[in-house]
Ligand SMILES: [Zn+2]
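Numbering (the numbering used here), first residue to last: 210 to 347.
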């Protein structure tokens, strides 16, 4: 009886007395799993508030003239030399009307459309094409 119990006891004892870490429940450290979700959530908040709202309003109207001027484009924020286009303005139409009254009926009254100094000047950004302002003759 004793011999049998002693011989069967060691194998049974050996199976149940395995080390606790071997059974599939390793005591993992609590540090990394807790710190991981908190780490990335903090830096995301920093980049959210847009700050450059009021400085966008740059009205270069005081320096616009008949010639290209250097200004800061409010659209692409580059310092650019404006690209000018001549567009018919009030002075252009007055000139047309004046020529028409004088008697230039046919093609002559359209001359002001070809004369840059009689037309308004439209300033645009050469970089992004944004309309920066007009220089008006009248
Ligand atoms: Zn621009």
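Beta carbons are placed, not taken as given, at the ideal position from N, Cα and C, and that holds for glycine.
The structure displayed is predicted, hence computed values, not measured ones.
Hey, could you find the ends of the beta strand (DSSP E) residue i is sitting in?
i	result
residue 330	329-333
residue 279	279-281
residue 293	292-296
Taking the straight line between their C-alpha atoms, what separation do you get for residue i and residue j?
i	j	result
residue 340	residue 317	31 Å
residue 293	residue 309	28 Å
residue 287	residue 337	9 Å
residue 347	residue 274	12 Å
residue 262	residue 300	Note that residue 262 scores a pLDDT of 46, beneath 50, so its modelled location is shaky; the value from the coordinates is reported in the next line. One C-alpha to the other measures close to 37 Å.
residue 270	residue 312	Below a pLDDT of 50, predicted positions are generally treated as unreliable, and residue 270, at 45, falls in that range; the measurement from the model is reported next regardless. Cα to Cα, the separation comes out at about 37 Å.
residue 319	residue 284	35 Å
Going by the C-beta, is residue i closer than 8 Å to any heavy atom of ligand 1?
i	result
residue 336	yes
residue 326	no
residue 284	yes
residue 199	Residue 199 falls outside the range modelled here, since the chain spans only 210 to 347, and no answer is possible.
residue 289	yes
residue 299	no
Determine the extent of the alpha helix (DSSP H) in which residue i is found, giving its start and end residues.
i	result
residue 306	299-311
What do you reckon, are the CB atoms on residue i and residue j nearer than 9 Å?
i	j	result
residue 278	residue 291	yes
residue 329	residue 344	yes
residue 305	residue 335	no
residue 198	residue 332	With the chain running from 210 to 347 in the structure shown, residue 198 is simply not present.
Please classify residue i: is it buried, with 16 or more other beta-carbons within 10 angstroms of its beta-carbon, or exposed?
i	result
residue 307	exposed
residue 267	Interpretation of residue 267 is limited by its pLDDT of 47, a score under 50 that renders its predicted location unreliable; no figure is taken from the coordinates.
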